[in-house]
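Engineer: I am attaching a structure below and will ask some questions about it afterwards.
Chains as they are written, first to last, in our numbering: chain G, 1 to 334; chain L, 335 to 597.
What follows is the structure, encoded as structure tokens:
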């Protein structure tokens, strides 16, 4: 009885991995080459070979586009992972750090540090993390009733986001002299992201990625329901709490770097699930890759669509994400 | 020393007692079935016995150790529980679901050992799912799905398996299929089975012992021939019935035929 020993899904996953890798590399190259100054592919290669060949291109690539693209990629990874974890832990297909108010919590805390204590910018990620956790706790107590009911969670998230958003708006009005580019930040933008931003997000992305990959096994067991998970010896409450912390950390670091970039955490896990299925051991790493790809492509579009004007990447994501959200609602989620 | 014991158990939800002090002792290698009307506390009792619900007072003892004081995984290695109508992702392949049953054994950081592999294969064979190994949960019939869940619980290699209405939503063929599977596992592997069933006659056919509950209190306890009588059925379910003993094709059964609601 050894007819089929290899899961037929293996091939599909390998193909998807290949496509994902190609898209990621393609996205990186395209995003670095395109912009207000287009860099021909060959010149782009030369930049990495010898900086002196074209000083102008070197400056554009190394100081402007490369850090920006990498920050975009990391933020995409963080948001997609955060969404994938939240959707599993809350058993709610509409869970996304932006929709359920976690990003707003992180955003408000980050903004308070940015505006009131501008000298302590290193504190922005930890502050955002605390804000995100507070928001998660509030949502948990409001919307959790022996299980996070889908619409209740979303409505609570909308209300909390609006409430925290009001504080953010107040801050931007009261301290309008200290706030630069608030519009961009509120929408989620990669304009002017530097190596410093990259170094700020990178540790959180690494922690988050490792945590999520370890956590993927737990997510798989949790998907069988709390009772089954407990029966298999999983300390369910503790695991859920830790995974929620991880999701909050991922979302908070993304918000701290680029602002309120929404919908990545909603769309990416869904599309990834359609492509490779719901097994979290694959869903988690694939979501991370597709999150990076999506933000990088969306930012390329945001930069080039109305050139020389730049749109915040969050606007592109909203154009795509909001209809997708409505589609999920219309598909009959109870 | 008693094997598995429910000792002066009082348990419920949100501070409300559902089970009002029940004590039971289960012997190794027997099939016991809990029956009773809706809301009698059958599932609550099973959940407490399976460590899913913490007792208000009393204890669940496995060879004299309180299972709520034991390590999560140590209990899970010996005690398996299948709640009523569990759900899994529709695209989950059968072999993956069954492999999850090994969770308490290999831990979360160790990889699958040969022993794990063998347990999974055995569970799949034992439940007759060998040719469905790579099918998705969503592609299975109701009976196959239930067998897949039982396979998961078997891969766990428990000594005691608790099942809450393993035959819900199944047609009569699949009901017998699932219960005959449990009977076979009990006979061949000395698996101790404690389950909740709705159907009195299925309970009588497949159990060594029947425990009848009503309003959180134990009303009757004993072998099917003793428990299944018109008085007990009347008391527990509030219906009139006739109890028959039949012998056909070498199979003898006690059958209760409901006649109507008691007024």
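Yeah, the Cβ is synthetic: ideal placement off N, Cα and C, and Gly gets one too.
1. Secondary structure at residue 470 of chain L, three-state DSSP: helix, strand or coil?
2. Keeping to the same chain, check which residues put their C-beta closer than 6 angstroms to that of residue 357 of chain G; ignore five residues upstream and five downstream.
3. What's the gap between the Cα of residue 430 of chain L and the Cα of residue 211 of chain G?
4. In this structure, does DSSP put residue 438 of chain L in helix, strand or coil?
5. Which term fits residue 373 of chain L, buried or exposed, when burial requires 16 or more other beta carbons within 10 angstroms of its beta carbon?
6. Counting only Cβ pairs nearer than 8 angstroms, list the residues of chain G close to residue 438 of chain L.
7. Name the chain L residues that come within less than 9 angstroms of residue 225 of chain G, Cβ to Cβ?
8. With respect to the beta strand (DSSP E) encompassing residue 340 of chain L, which residues constitute its N-terminal and C-terminal limits?
9. What does the alpha-carbon distance come out to for the pair residue 596 of chain L and residue 573 of chain L?
10. For residue 291 of chain G, tell me which candidate among G:40, G:82, G:41 and G:127 has the shortest Cα-Cα distance.
11. What separation, rounded to the nearest whole angstrom, lies between the Cα atoms of residue 343 of chain L and residue 317 of chain G?
12. List the residues of chain G that residue 409 of chain L touches, going by C-beta distances under 8 angstroms, in chain order.
13. Given residue 588 of chain L, which residues of its chain have a CB within under 7 angstroms of its CB, disregarding the five upstream and five downstream residues?
14. Rounded to the nearest angstrom, how far is the Cβ of residue 282 of chain G from that of residue 98 of chain G, given a contact under 8 angstroms?
15. Counting only beta-carbon separations shorter than 8 angstroms, does residue 386 of chain L have a partner in chain A?
16. The ligand FMN heavy atoms versus the CB of residue 506 of chain L: any closer than 7 angstroms?
17. Across the region 369 to 388 of chain L and the region 420 to 440 of chain L, are there enough close Cβ pairs to call them in contact, namely three or more that are closer than 8 angstroms?
18. For residue 490 of chain L, which of helix, strand or coil comes out of DSSP?
19. Who are the neighbours of residue 279 of chain G on chain L, taking C-beta pairs under 9 angstroms?
20. Does residue 170 of chain G pass the burial test, meaning 16 or more other C-beta atoms within 10 Å, or should it be called exposed?
21. If we ignore side chains and look at the alpha-carbon of each, how far apart do residue 313 of chain G and residue 302 of chain G end up?
22. Would you decide whether residue 206 of chain G is buried or exposed? Buried here means 16 or more other CB atoms lie within 10 Å of its CB.
23. Counting contacts by CB-CB distance shorter than 8 angstroms, is residue 196 of chain G in contact with chain L?
24. Given 8 angstroms as the limit, is there contact between the region 66 to 78 of chain G and the region 88 to 95 of chain G, that is, 3 or more CB pairs closer than that?
25. Compute the Euclidean distance between the alpha carbons of residue 424 of chain L and residue 472 of chain L, then round it to the nearest angstrom.
26. Please give the ranges of any beta strand (DSSP E) in the region 5 to 31 of chain G, keeping only runs that are unbroken, at least 3 residues long and fully inside the region.
27. Express the C-alpha separation of residue 94 of chain G and residue 1 of chain G in angstroms, rounding to a whole number.
28. So the beta strand (DSSP E) residue 541 of chain L belongs to, where does it begin and stop?
29. Taking DSSP as the reference, what is the three-state secondary structure of residue 519 of chain L?
30. Straight-line CA distance for residue 265 of chain G to residue 241 of chain G?
31. Run through chain G and tell me which residues come within less than 8 angstroms of residue 503 of chain L, C-beta to C-beta.
32. Apply the 10 Å Cβ neighbour rule to residue 42 of chain G and answer buried if 16 or more other Cβ atoms are within range, or exposed otherwise.
33. Could you check whether the Cβ of residue 221 of chain G sits closer than 8 angstroms to any Cβ belonging to chain L?
34. Between residue 462 of chain L and chain G, is the shortest Cβ-Cβ distance under 8 angstroms, so that the two count as touching?
35. Got a sec: which bits of the region 361 to 377 of chain L sit with their beta carbon under 9 angstroms from any beta carbon on chain G, in order along the chain?
36. Does the region 489 to 499 of chain L touch the region 447 to 466 of chain L, meaning 3 or more C-beta pairs lie closer than 8 angstroms?
Structural biologist: On the basis of the data shown:
1. Reduced to three states, the DSSP call for residue 470 of chain L is strand.
2. Coverage of chain G is limited to positions 1 through 334, which leaves residue 357 of chain G absent and any answer about it impossible.
3. Approximately 22 angstroms, taken between the alpha carbons.
4. In the three-state reduction of the DSSP assignment, residue 438 of chain L falls in the helix class, which pools H, G and I.
5. Exposed, by the Cβ-count rule.
6. Identification of chain G residues near residue 438 of chain L by a Cβ-Cβ cut-off of 8 angstroms yields 232 and 233, ordered along the chain.
7. Within 9 angstroms Cβ-Cβ: 417, 420, 421 and 422.
8. Unbroken beta strand (DSSP E) run through residue 340 of chain L: 338 to 347.
9. Note on geometry: alpha-carbon atoms of residue 596 of chain L and residue 573 of chain L lie some 5 angstroms from one another.
10. For residue 291 of chain G, the closest C-alpha among the options G:40, G:82, G:41 and G:127 is that of G:82.
11. Spanning the two alpha carbons is a distance of roughly 55 angstroms.
12. Per Cβ cutoff of 8 angstroms: 233.
13. Cβ within range, chain order: 538, 558, 559, 562, 577 and 579.
14. The pair is not a contact, with the Cβ atoms about 24 angstroms apart (cut-off 8 angstroms).
15. The structure shown contains no chain A; the protein chains it does contain are G and L.
16. This structure lacks the ligand FMN; in fact it carries no ligand of any kind.
17. Short answer: they don't touch.
18. Of the three classes helix, strand and coil, the one that applies to residue 490 of chain L here is coil, per DSSP.
19. Neighbours of residue 279 of chain G on chain L, chain order: 423, 425, 426, 427 and 430.
20. Exposed is the call here.
21. Whole-angstrom Cα-Cα distance: 5 angstroms.
22. Counting the other Cβ atoms within 10 Å of the Cβ of residue 206 of chain G gives fewer than 16, which makes it exposed.
23. Among the CB atoms of chain L, none fall inside 8 angstroms of the CB of residue 196 of chain G.
24. Segments in contact, no.
25. Between residue 424 of chain L and residue 472 of chain L, the C-alpha separation is close to 4 angstroms.
26. You should have found no qualifying run.
27. With a pLDDT of 37 at residue 1 of chain G, under the threshold of 50, the modelled position of this residue cannot be trusted; read the value that follows with caution. Each residue's Cα considered, the two are about 43 angstroms apart.
28. Unbroken run through residue 541 of chain L: none, as it is neither H nor E.
29. Helix, per DSSP.
30. Computed Cα separation, rounded: 19 angstroms.
31. Against chain G, the beta carbon of residue 503 of chain L has no neighbour under 8 angstroms; the closest one sits roughly 16 angstroms away.
32. Exposed, by the Cβ-count rule.
33. Taking CB atoms only, residue 221 of chain G has a neighbour in chain L less than 8 angstroms away.
34. Contact of residue 462 of chain L with chain G is not assigned, every C-beta pair being separated by 8 angstroms or more.
35. Of all residues in the region 361 to 377 of chain L, none has a Cβ within less than 9 angstroms of some Cβ in chain G.
36. Judged by Cβ distances under 8 angstroms, the region 447 to 466 of chain L makes contact with the region 489 to 499 of chain L, as three or more pairs qualify.
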